[in-house]
Amino acid sequence: MGKNDPVKEKAQVKVTKARGGTAVSAKEFLTLKRPKGDLLLEIGREQVSVTSLDRIYWPDEKLTKFDLLCYYLKITDFIMPFLKDRPAILQRYPRGIKAPMFFQQDLESAPAFINTARLVNQEGRQLDYAVYTTTASLLHFVNLGTIEQHQWHSTVKHLDKPDWIAIDLDPKRAPWENVLQVALVVKEVADEIGLCAFPKTSGSSGIHIYFPLKPTNEYEKVAEFAKLLAGEVARRAPKIATVERTIAKRKSTQVYVDWMQNARGKSLASVFTARAKAKATVSMPLTWKQVERGVKITDFTITNAPDLLNKKGDPWATFFDKRQKLKFD
DNA sequence: GTAACGA
DNA sequence: TCGTTACAACGCTGC
DNA sequence: GCAGCG
Ligand SMILES: [Mn+2]
Ligand SMILES: [Mn+2]
61 MGKNDPVKEK
71 AQVKVTKARG
81 GTAVSAKEFL
91 TLKRPKGDLL
101 LEIGREQVSV
111 TSLDRIYWPD
121 EKLTKFDLLC
131 YYLKITDFIM
141 PFLKDRPAIL
151 QRYPRGIKAP
161 MFFQQDLESA
171 PAFINTARLV
181 NQEGRQLDYA
191 VYTTTASLLH
201 FVNLGTIEQH
211 QWHSTVKHLD
221 KPDWIAIDLD
231 PKRAPWENVL
241 QVALVVKEVA
251 DEIGLCAFPK
261 TSGSSGIHIY
271 FPLKPTNEYE
281 KVAEFAKLLA
291 GEVARRAPKI
301 ATVERTIAKR
311 KSTQVYVDWM
321 QNARGKSLAS
331 VFTARAKAKA
341 TVSMPLTWKQ
351 VERGVKITDF
361 TITNAPDLLN
371 KKGDPWATFF
381 DKRQKLKFD
């Protein structure tokens with residue numbers, strides 16, 4: 061085969077065989093105690109094979125893959141609006157958080173109910189992205205060892221037009237108190253320009269702030285806006301905030317205001333996602349009042365978040381009602 | 001985690 | 001049949 | 001093109 065031969069079509073995503081046997085409902089699944097091995101889980105019209113349920117994913121906390129699947133089942137109504145119809149960046153931990161992980165953005169095979177989007181990257185390579193659709197799709201990706209959900213900032217309808225801006229506050233060495241303060245500076249700037257902003261813990265070390273958007277601007281334009289916003293935050297609070305990308309050039313008190321994730325094919329850890337971190341923390345949506353009073357990353361875990369959301373409500377419930385247009389002045 | 005491979 | 005192996009990223013900035 | 005970063 062020479063380089064002048066016609067380019068061979070990339071093979072289609074192979075459809076894996078549906079598994080037989082009796083299926084348990086989601087409700088029944090949640091009542092199980094430390095199940096071992098594999099099960100077939102029925103959610104709506106879809107059947108998801110879930111395997112190695114007793115595998116330890118968080119050794120220190122003794123939390124299992126079953127615990128993780130239960131977490132996502134419990135919060136599915138909260139998280140799915142933020143995942144639906146978006147390509148997924150699968151970060152897979154098939155042997156738990158202390159074992160090697162790998163990324164997967166090109167699906168080789170998947171069950172029939174999984175949607176994929178064939179996209180071309182900058183080098184011209186075709187990639188079959190997994191796309192979130194239903195709870196069953198989410199649970200299938202979790203079964204592959206995808207502890208954390210990382211979705212695109214745009215949906216398959218408008219892949220080049222993000223429907224939110226994400227501002228990522230990365231403390232590195234800066235104290236948590238500074239992260240909270242920088243978040244409030246972001247809020248201050250947002251208020252002044254009349255934009256609605258939603259904060260959440262990242263579940264790892266920082267805070268994420270999202271601005272819901274109408275999907276009218278391309279990534280480049282949205283990133284430009286995010287850059288201006290981040291720059292203004294750093295200008296107002298230079299002791300605790302910076303847009304300097306090189307770690308060595310950041311002061312130890314400065315929180316990195318990362319605006320650069322607003323690009324096609326990039327992502328942040330989703331709101332409500334579990335994190336592959338100690339304590340099995342989650343990315344918890346917050347009210348601005350909580351940011352003012354101060355919360356801790358470790359306040360929110362896969363063990364307590366479902367109850368907290370059901371009892372105290374979801375601060376991001378109105379997110380998609382608040383989709384706004386950007387004004388460039 | 002699993003599909004493909006090979007003894 | 002069964003143990004082993006192979007395999008699974010991208011995009012942006014600033015040198 | 002490559003290193004650094006996420
Ligand atoms: Mn971050
Ligand atoms: Mn970041």
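All the letters of the first sequence, read from the start, carry residue numbers 61 to 389 under this note's numbering.
The beta-carbon is built from N, C-alpha and C at its ideal position, and this holds for glycine as well.
Notebook entry, point to check: Would you say the beta carbon of L328 comes nearer than 8 Å to a heavy atom of ligand 4?
Noted result: In the structure shown, ligand 4 is absent; the only ligands present are ligand 1 and ligand 2.
Note to self: For ligand 2, is there any heavy atom lying closer than 8 Å to the beta carbon of Y270?
What the structure shows: Incorrect: Y270 has no Cβ contact closer than 8 Å to ligand 2.
Checklist line | Endpoints, the beta strand (DSSP E) within which D188 is located | finding: 186–191
Note to self: Quick check on the burial criterion: 16 or more other C-beta atoms within 10 angstroms. Buried or exposed for F379?
What the structure shows: Classification for F379: buried.
Next item on the list: Run the proximity test for L229: is its beta-carbon closer than 8 Å to any non-hydrogen atom belonging to ligand 1?
Entry: yes
Checklist line | Backbone CA spacing between C130 and R152 [nearest angstrom] | finding: Rounded to whole angstroms, the gap between the alpha carbons of C130 and R152 is 18 Å.
Next item on the list: Indicate whether the contact test is met: 3 or more Cβ pairs, each with one atom in the segment 188–195 and one in the segment 139–149, closer than 8 Å.
Entry: Judged by Cβ distances under 8 Å, the segment 188–195 makes contact with the segment 139–149, as three or more pairs qualify.
Checklist line | F201 versus V303 - alpha carbon distance | finding: 34 Å
Notebook entry, point to check: Quick one: is Q186 buried, meaning 16 or more other Cβ sit within 10 Å of its Cβ, or exposed?
Noted result: exposed
Next item on the list: Could you tell me whether any non-hydrogen atom of ligand 1 is closer than 8 Å to the CB of S109?
Entry: no
Next item on the list: Starting from L204, trace the beta strand (DSSP E) both ways and give me its first and last residue.
Entry: Bounds of any beta strand (DSSP E) do not take in L204, whose DSSP letter is neither H nor E.
Next item on the list: Please list the segments of the alpha helix (DSSP H) lying wholly inside the segment 218–306, counting only runs of 4 or more residues, in order along the chain.
Entry: Given a length threshold of 4 residues, each whole run of the alpha helix (DSSP H) inside the segment 218–306 is given here in chain order: 236–252, 279–296.
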